[in-house]
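Step one of this worksheet: look at the structure below.
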Amino acid sequence: MHIGGLGLARGYLNRPELTAEKFISNPFDNFGLPILDFRLEDRCDNPKSKIVRLSVAEVQNPKSCRLYKTGDLARYLLDGNIEFLGRIDHQVKIRGFRIELGEIEALLTQHSNLREAVVLAKEDNMGNKRLIAYIVPNQEPAPKVIELRSFLKNHLPDYMMPSDFVVLKALPLNPNGKVDRQALPTYQQEKSELEVVFVAPHTSVEKALAQIWCQVLGLQRVGIHDNFFELGGDSILNIQIVAKASQAGLQLIPKQLFDYPTIAELAALVGTTQTIEAEQGVVSGSIPLIPIQYWFFDLHLSNPHHYNQAVLLEVRQVLNPVLLEEVVQELLIHHDALRLRFTKKESGWEQVNIEPSKLVPFTSLDLSRLPAVEQQSAIETTAAELQTSLNLLEGPLMRVAFFKLGISEPSRLLIVIHHLAVDGVSWRILLDDLEKAYKQLSQGKIQLSLKTTSFKQWAERLREYGRSPELQQELNYWLTTLPKKVSRLPVDYAEGKNIIASTRTISLTLNSSETRSLLQDIPRIYQTEINEVLLTALIQAFAQWTGVRSLLVDVEGHGREGLFTDIDLSRTVGWFTTVFPVWLAPKDSSVVEVLKFVKEQLHTIPNRGIGYGVLRYLTKNVEVTQQLRALPQAEVSFNYLGQLDLVLPEASLFKPAQESTEPARSPEGIRKYLLEVNSFVVEGQLQIEWTYCEAIHQQFTIEKLAHSSLEVLRSLITHSQSPHTTSYTPSDFAEFQWSQWNQADLDEMTKAIGEGT
8 MHIGGLGLAR GYLNRPELTA EKFISNPFDN FGLPILDFRL EDRCDNPKSK
58 IVRLSVAEVQ NPKSCRLYKT GDLARYLLDG NIEFLGRIDH QVKIRGFRIE
108 LGEIEALLTQ HSNLREAVVL AKEDNMGNKR LIAYIVPNQE PAPKVIELRS
158 FLKNHLPDYM MPSDFVVLKA LPLNPNGKVD RQALPTYQQE KSELEVVFVA
208 PHTSVEKALA QIWCQVLGLQ RVGIHDNFFE LGGDSILNIQ IVAKASQAGL
258 QLIPKQLFDY PTIAELAALV GTTQTIEAEQ GVVSGSIPLI PIQYWFFDLH
308 LSNPHHYNQA VLLEVRQVLN PVLLEEVVQE LLIHHDALRL RFTKKESGWE
358 QVNIEPSKLV PFTSLDLSRL PAVEQQSAIE TTAAELQTSL NLLEGPLMRV
408 AFFKLGISEP SRLLIVIHHL AVDGVSWRIL LDDLEKAYKQ LSQGKIQLSL
458 KTTSFKQWAE RLREYGRSPE LQQELNYWLT TLPKKVSRLP VDYAEGKNII
508 ASTRTISLTL NSSETRSLLQ DIPRIYQTEI NEVLLTALIQ AFAQWTGVRS
558 LLVDVEGHGR EGLFTDIDLS RTVGWFTTVF PVWLAPKDSS VVEVLKFVKE
608 QLHTIPNRGI GYGVLRYLTK NVEVTQQLRA LPQAEVSFNY LGQLDLVLPE
658 ASLFKPAQES TEPARSPEGI RKYLLEVNSF VVEGQLQIEW TYCEAIHQQF
708 TIEKLAHSSL EVLRSLITHS QSPHTTSYTP SDFAEFQWSQ WNQADLDEMT
758 KAIGEGT
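The sequence shown begins at 8 in the numbering used here and counts up one residue at a time.
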């Protein structure tokens, strides 16, 4: 079957030999039809763009008419329809995309150490087609997989990347001297949970990284080609990977895991990253405030001392309180942010790192003689007292209490820290160090892992960054992207006072199967991160409630962005959180189209939003600060806290306890937002908490809103499980610098490819 006529392509890009083979002169006359000649114009409206225009002219020369050899074998039926009989070449269709295997083979043979290459589409046990490349090197050793993937990555989209490479000494030939594709060895593959080809790690670096991934992700095994984010990884777990890799002597940075999300790719980078040295002694002295601290003091709380985070742990074995107290002292020495102090002056709040004190904020209580009911009451009463005992000026900013409950009941360990000294990532570091330090001390001596960049140095570098021309270039993004006016959220009680004492929380969960799809299937199908999926559900739910297809929301990030090559925060304790506004105003109401919009919107945000706070609080340009402050403020906040199940592994000394540790904040405090939406995974299930003020909203109103968002998530999960479902957005092709596609162009293009037109 050959195709000709209007709209026929001019040829293959930069492939004259393939163009000559596939585009042939039309042996028939043109039946009197005009022939269109497509010519490249040497001009472009956008000087930065490499896209050129095509001019169309009608010509009369029949020799200009060409046909394209499709490679399809077909025949006309008596009723005039065309019946497709198969292929006469090596074109295949995978995930809706037509792929010319010869193109991949031609690229592979351009590698300096490959003599021959053949690519086949193989079906796995589930009937899914995957590309396998059979290669013959010019000399031993053969190129590494990471080298081949990197070589192809600059020329091929992801869907044309072979799943694996098989090295052969020679390709099998038939009697005519051509490659006998049927004789190529069968590729034995083992199906993993994500239906990808499992290839076990074999080098020492790959094995070390695989072990770290298993620890952080809570998996039994990981293949070297498994995608970190398709396994359920996220930006928070990314930091843990980097920290544990560093402890194992493997230097990486968080950005590398985003760019190279497989062990095979990362293993090739180990050793290419410079070692970042950090101060290992006690850090003390004055420290500039960072944006999140300015954000906190801008709340003007009546009791800023009472704004904490707390963890209550059930202890799985008998612990010695004396050793625990020594461990707490060591944590205070090792992690400088736990020794912060704050003073309010006329110019504003200032902070300083004090020297370690001999006075350890540790309490041990023996409740073993009390009945079980009274034990619970005593724990909760003590927790409430400790929550109100922190002091920003004089300290401490952390208190620890150990509760001994008797032989038959596991002990409890309570840790209360002011939010100014800790965040979600910091808790993971502290709990890991707490357990390691106790085990080490039980055996004689504490030897914690090396420190990474201090909170003090990070704050100083951020202040410098706030005055840099590089950051000033971001200002235009925030001023043009954010709206000048937004609709206020509906309220049930207009005169209600939004204080912490009136807050209530509604919590809804997805089951384990749904959560697994959310963390693994949807990222694989839509190339998304969990934040993008959850925000899609948020905007859809609010649109159903308000009738307005737009929402201004403050999004929280972990804040440990790789702005500087000589900074490593993977094991640094402190409050690093970034808070930045995101304007979501999708034009389409389809849930998949909204997901695409949200994904692209978040991908356009520079450096994951950290620049907004730096511009607003750290720049010396008063006009810039005023411009950002004048913009509408969000009434909704959103935060994804990660997979909390993975914080304390099964083998840990601790597990979360059930008793209450409230109140973590002063009841008299004024709330900044009308609604706070916090999501996390616990016991294998996604949990979404909607915190509201009962003096402003009825419970029914928020319950309906929360259920709506859950239904959106379920609809996305259902859609992702449809056969051959896949979805791309322009950011998926960001590596192709010549690409200037918008979403409409890409949708039309992928639809045409999928339909084979």
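Ideal Cβ positions, reconstructed from N, Cα and C, are used throughout, including at glycine.
Note that the structure is a prediction, hence the values are computed from the model and not measured.
Query	Result
Within this structure, are the beta carbons of residue 713 and residue 513 separated by less than 8 Å?	yes
So residue 334 packs on residue 420, CB below 8 Å; how close in whole Å?	So it is not a contact: roughly 11 Å between Cβ atoms.
Would you tell me roughly how many angstroms separate the C-alpha atoms of residue 15 and residue 25, rounded to the nearest one?	15 Å
Are the CB atoms of residue 617 and residue 545 within a distance shorter than 8 Å?	no
In terms of residue numbering, what span does the beta strand (DSSP E) encompassing residue 700 cover?	692 to 700
Three or more beta-carbon pairs under 8 Å between the region 547 to 566 and the region 478 to 497, yes or no?	yes
How many angstroms separate the CA atom of residue 368 from the CA atom of residue 431?	21 Å
Should the region 290 to 305 be regarded as contacting the region 461 to 478, the criterion being three or more beta carbon pairs within less than 8 Å?	yes
Quick check on DSSP: helix, strand or coil for residue 512?	strand
Kindly indicate which three-state DSSP category residue 545 falls into: helix, strand or coil?	helix
Cβ atoms of residue 676 and residue 615: under 8 Å apart, would you say?	no
Note down, one range per segment and in chain order, each beta strand (DSSP E) of at least 3 residues found wholly within the region 244 to 279.	none
Taking the alpha helix (DSSP H) that residue 726 falls in, what are its first and last residues?	706 to 727
Between the C-alpha atoms of residue 654 and residue 435, what's the straight-line distance to the nearest angstrom?	6 Å
Jot down the residue ranges of each uninterrupted beta strand (DSSP E) in the region 537 to 593, minimum 3 residues, whole runs only, in chain order.	558 to 564, 585 to 591
On the criterion of 16 or more Cβ atoms from any shown chain inside 10 Å, does residue 209 qualify as buried, or is it exposed?	exposed
Roughly how many angstroms separate the alpha carbons of residue 697 and residue 703, rounded to a whole number?	14 Å
Would you say residue 179 reaches chain D, if we count a Cβ-Cβ gap shorter than 8 Å as a contact?	Absence of chain D from the displayed structure is noted, only one protein chain being present.
Return the residue from the list 298, 216, 168 that minimises the CA-CA distance to residue 624.	298
Going by beta carbon distance, what residues of the same chain come within less than 8 Å of residue 286, once the five residues before and after it are set aside?	458, 461, 464
Bridge partners of residue 124, per DSSP?	142
When DSSP labels each residue in this structure, what does residue 520 get in the three-state scheme?	helix
Cα-Cα, which of 166, 206, 183 is closest to residue 172?	206
Please report the distance separating the alpha-carbon of residue 682 from that of residue 525.	23 Å
CB-CB under 7 Å to residue 690, same chain, minus the five flanking residues each way: which ones, in chain order?	652
Exposed or buried, which one is residue 765 when buried takes at least 16 other CB atoms within 10 Å?	A query on residue 765 cannot be resolved here, the shown segment of the chain reaching from 8 to 764 and no further.
Express the C-alpha separation of residue 72 and residue 686 in angstroms, rounding to a whole number.	60 Å
Could you check the C-alpha separation between residue 425 and residue 717 for me, to the nearest Å?	32 Å
Do residue 219 and residue 262 have their C-beta atoms closer together than 8 Å?	no
Residue 32 by DSSP, collapsed to three states: which one?	strand
Per DSSP, which one or two residues make a beta bridge with residue 425?	315
Three Cβ pairs or more, each shorter than 8 Å: is that satisfied between the region 653 to 670 and the region 476 to 488?	no
From what residue to what residue does the beta strand (DSSP E) around residue 371 run?	369 to 373
Under a three-way DSSP split, which group does residue 632 fall into?	helix
Specify the secondary structure class of residue 614 as computed by DSSP and reduced to three states.	helix
Taking 8 Å as the limit between beta carbons, can you name the residues of its chain near residue 679, skipping five residues before and five after?	306, 644
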